[in-house]
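Chains as they are written, first to last, in the working numbering: chain A, 1 to 279; chain B, 280 to 836.
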């Protein structure tokens, strides 16, 4: 459909419904592997560790029967961000960078070291996006929330509201399409009365004024719907006492192995390069 | 022994100076079926919320199954004993899988795993949703979603189930299913409280409670209420079958359906019955001054789908073709999800067809050079619940938003605003400086309509303009639409009420995105009628059909 539509821009329901060893893991194992990849990719200074993470993410994608192209399409919206970061890498020189200059345009130049930095950043970027994309492809909305509850279950002994936290995530998932729908409905209602968003208005205040017909009703409606959902939850005895759970996330031995594997991999990826002196 | 007791219950919202409920006294027996009726804003929903402690009533005024919802501990007991099914199907779904949503209440109560599973199975079976248990609620129809909400309530094993306008946002078939579920509950000994605007639904109850401005003004059998002369004062109306029986000179039976009345009428009146029934229909008043032969909207082989590029994309309109002559009042009917809203958006150029074409008031909407903004203002669309788009602080400014966008200023603007507000029954002098947020639900709907009428449009596109309104406001809005159409302007409105559709010049039936039938109401609800549309017939048609069958049966005998 052309015209006015917002659902298209809301990326939920990316879950790929197939059976695979990766899909069969419990949400906790999936979360642990997600973190085992993301943490080293973000903090490790070792290219070898980042490379290992990328390979693991790629291997899991193959194992999960998720098409790589499907995951890569998820990158598109964040590419501009990556582009900006790359430009900064190229423009801002390291003090004492003595590596050979590869390209020079006017005062700006790209040295070998900068080139390597950009490549390493790209690798981190791909590994991270792949891991996140894969996680959402193999985990249902319900499991995403339940996984948080399971992950924080040990802390709930100390009074941490694990279930409440998980429910917050579940409700947030429910609200994405609701708010998008409200937004679309209000935009259409105002467009039918000749509202013209964004075009023509200059200056931040006038621009903001042009969006007033949207912001006020969308905020009110979102709050009203949140209240309605809150009432429905309360009416169904939410928060009255210790809760049980309809879905059990009990894993097999393979799942336990996967959890241990995730922790060991993360430790190895973080500590390994330091011990071996790799850089 | 009463299950629910309400004694001198008064309730005032914090910050409000008027009482939302005032000195209510009522008691309900186990297995009783009561209907609560009253105008928008009469306190019906407030009453339900006081019963299960969503609002905290004064201590000692409410007792549900022995629990006082004013106390924190009593609140839990009251909520266990009384489940509520709310108005909006999608606003009460918490989980992302059907069966997990049914289990939500049980999880909260700490019901053990095995028992939880057997209760969920039972509840899903009772509402006929077992086949959908592993699906996402998002992909259910609104009728199915509402049945899911009932399942969530049933799983709690309540002694009372309250339905708070739970049938007002779903299509006729979904509505019939919910009413059937209510009957099942009552026969299994559960008390049902049914808050509704639909007097035909209310007439099915054993007892009716009428609220007016927060006061309980009537409680008694439906027969007694309908025989009393106070209905207009309560802003209510007679159920259709009751009204029709009176007009046919028969003894009215509260809760009788169209078919039942038709058969009875055939037995009582013999061969004259069909002519008598046809006289019940208000004669359609032809529009004056409509330009003959001019086409307002022309849809040719148009298709469109939502999120076409993604895996979840679905077709909304499929190869639809229809010509709508200028000056006609068109009713658009079909089940929820049949594509009514999408077709209206195509006509208003808020959506552009993926293939085929739509010509609105002479403009091809897919034409890149078409001025869609001014086209939309010539044929504005009031979306569902248009009051949700109100954003200005004052009534006058809200109505002036449209004409201002058309470039109208000064005296001309005032004139437009005044005419529009007067037309919807919110006199300009009284309402121009009233804060929009202080208006009642019905007034907000009328304000939303005024704010598109002020565009002085050539055509009006209305998406379910009468949904969720009380009988009196509904009548006002309908007569407003009819009088607008009588000026020779085009109106296309979607509706779930076939009785409203029968008032139109032309009815378009949609099924699964395609146009299944179109023509005069006589044709569509007569010879062209097809059961598979899933929409039901207007009251008098159902009645006439049943009467005909009865006459044929007698002839055979």
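Glycine residues also receive a C-beta, built at the ideal position from the N, C-alpha and C atoms.
Among B:816, B:631, B:731 and B:494, the one whose alpha carbon lies nearest that of residue 452 (chain B): B:816
Three-state secondary structure assigned by DSSP to residue 221 (chain A): helix
Beta strand (DSSP E) runs contained entirely in the stretch 458-518 of chain B, provided each spans 3 or more residues: With a minimum length of 3 residues, the continuous beta strand (DSSP E) runs that stay inside the stretch 458-518 of chain B are 470-474, 486-491 and 494-499.
Residues near residue 819 (chain B) by beta carbon distance below 6 Å, same chain, minus five either side: Cβ neighbours of residue 819 (chain B) beyond the five flanking positions: 556, 559 and 560.
Cβ-Cβ separation, residue 457 (chain B) to residue 429 (chain B) (assumed contact under 8 Å), whole Å: That belief holds up - the Cβ atoms of residue 429 (chain B) and residue 457 (chain B) are roughly 7 Å apart, short of 8 Å.
Buried versus exposed call for residue 319 (chain B) [16 or more other C-beta atoms within 10 Å across all chains shown]: buried
Helix, strand or coil at residue 594 (chain B) [DSSP, three-state]: Looking at residue 594 (chain B) - three-state DSSP - the assignment turns out to be strand.
CA-to-CA distance, residue 124 (chain A) to residue 271 (chain A), given in whole angstroms: 18 Å
Rounded Cβ spacing between residue 121 (chain A) and residue 89 (chain A) (contact assumed at less than 8 Å): Between residue 89 (chain A) and residue 121 (chain A) the Cβ distance is about 7 Å, and since that is below 8 Å, they are a contact.
Close Cβ partners of residue 438 (chain B) (< 8 Å) along its chain, the five nearest in sequence each way excluded: 282, 309, 344, 360, 361, 469 and 470
Own chain residues within Cβ distance below 6 Å of residue 312 (chain B), not counting five before or after: 465, 471, 484 and 485
Against chain E: residues of the stretch 674-686 of chain B by CB proximity under 9 Å: No chain E appears in this structure, whose protein chains are A and B.
Residue burial classification, residue 150 (chain A) (beta-carbon count within 10 angstroms, cutoff 16): buried
is_contact[residue 72 (chain A), chain B] using C-beta, thresh 9 Å: no
Exposure of residue 274 (chain A), with buried meaning 16 or more beta-carbon neighbours within 10 Å: exposed
Contacting residues, own chain, Cβ-Cβ under 7 Å from residue 545 (chain B) (five flanking each side not counted): Cβ-Cβ distances below 7 Å link residue 545 (chain B) to 552, 826, 829 and 830 in the same chain, with the five nearest sequence neighbours on each side left out; the list follows chain order.
Inter-stretch contact (C-beta, 8 Å, three-pair minimum) for the stretch 688-705 of chain B and the stretch 229-236 of chain A: The stretch 688-705 of chain B, when compared against the stretch 229-236 of chain A, does not touch it at the 8 Å Cβ threshold.
Chain A contact for residue 568 (chain B) (CB, 9 Å cutoff): Note that residue 568 (chain B) scores a pLDDT of 48, beneath 50, so its modelled location is shaky; the value from the coordinates is reported in the next line. The Cβ of residue 568 (chain B) sits no closer than 9 Å to any Cβ of chain A.
C-beta neighbour in chain A for residue 363 (chain B), strict 9 Å: yes
C-beta atoms of residue 341 (chain B) and residue 423 (chain B) nearer than 9 Å: no
Nearest-angstrom Cβ-Cβ length linking residue 523 (chain B) and residue 822 (chain B), presumed shorter than 8 Å: 7 Å
9 Å Cβ cutoff, residue 255 (chain A) in contact with chain B: The beta-carbon of residue 255 (chain A) is placed no less than 9 Å from the nearest beta-carbon of chain B.
Segment limits, beta strand (DSSP E) that includes residue 237 (chain A): Where residue 237 (chain A) is concerned, there is no enclosing beta strand (DSSP E), given that its DSSP letter is neither H nor E.
Cβ shell of residue 531 (chain B) (< 6 Å), same chain only, five flanking positions each side left out: 521, 524 and 525
Residues within the stretch 191-224 of chain A neighbouring chain B, beta-carbon criterion of under 7 Å: 191, 192, 193, 194, 195, 196, 212, 213, 216, 217 and 221
Close-in-space but distant-in-sequence residues of the same chain around residue 395 (chain B) (CB under 6 Å, 5 per side omitted): Here the set comprises 382 and 385.
Classification of residue 52 (chain A) by the beta-carbon crowding that lies within 10 angstroms, buried from 16 upward: That one is buried.
Where the stretch 228-249 of chain A meets chain B: residues whose CB sits under 8 Å from a CB there: From the stretch 228-249 of chain A, only 228, 229, 231, 232, 233, 234, 235, 236, 237, 238, 239, 240, 241, 242, 243, 244, 245, 246, 247 and 248 have a Cβ closer than 8 Å to chain B.
Closer than 9 Å to chain B by CB, residue 259 (chain A): Answer no: the Cβ-Cβ gap between residue 259 (chain A) and chain B never drops below 9 Å.
C-beta contact flag for residue 730 (chain B) and residue 669 (chain B) at 9 Å: Cβ distance < 9 Å, so residue 730 (chain B) and residue 669 (chain B) count as in contact.
Cut-off 7 Å between Cβ atoms - residues of its own chain near residue 143 (chain A), not counting five sequence neighbours on either side: 27
Residue 57 (chain A) and residue 127 (chain A) closer than 9 Å at C-beta: yes
Residue 635 (chain B) - containing beta strand (DSSP E), residue span: 634-639
Proximity winner among B:716, B:679 and B:715, relative to residue 698 (chain B) (alpha-carbon distances): The candidate whose alpha carbon is nearest that of residue 698 (chain B) is B:679.
Exposed unless 16 or more other CB atoms sit within 10 angstroms - verdict on residue 418 (chain B): exposed
6 Å CB neighbourhood of residue 568 (chain B) in its chain, flanking five on each side removed: Because the pLDDT at residue 568 (chain B) is just 48, under 50, the model does not fix this residue reliably, and the value given afterwards should be weighed accordingly. A distance below 6 Å between beta-carbons, with the five flanking residues on each side excluded, links residue 568 (chain B) to the following residues of its chain, in chain order: 767.
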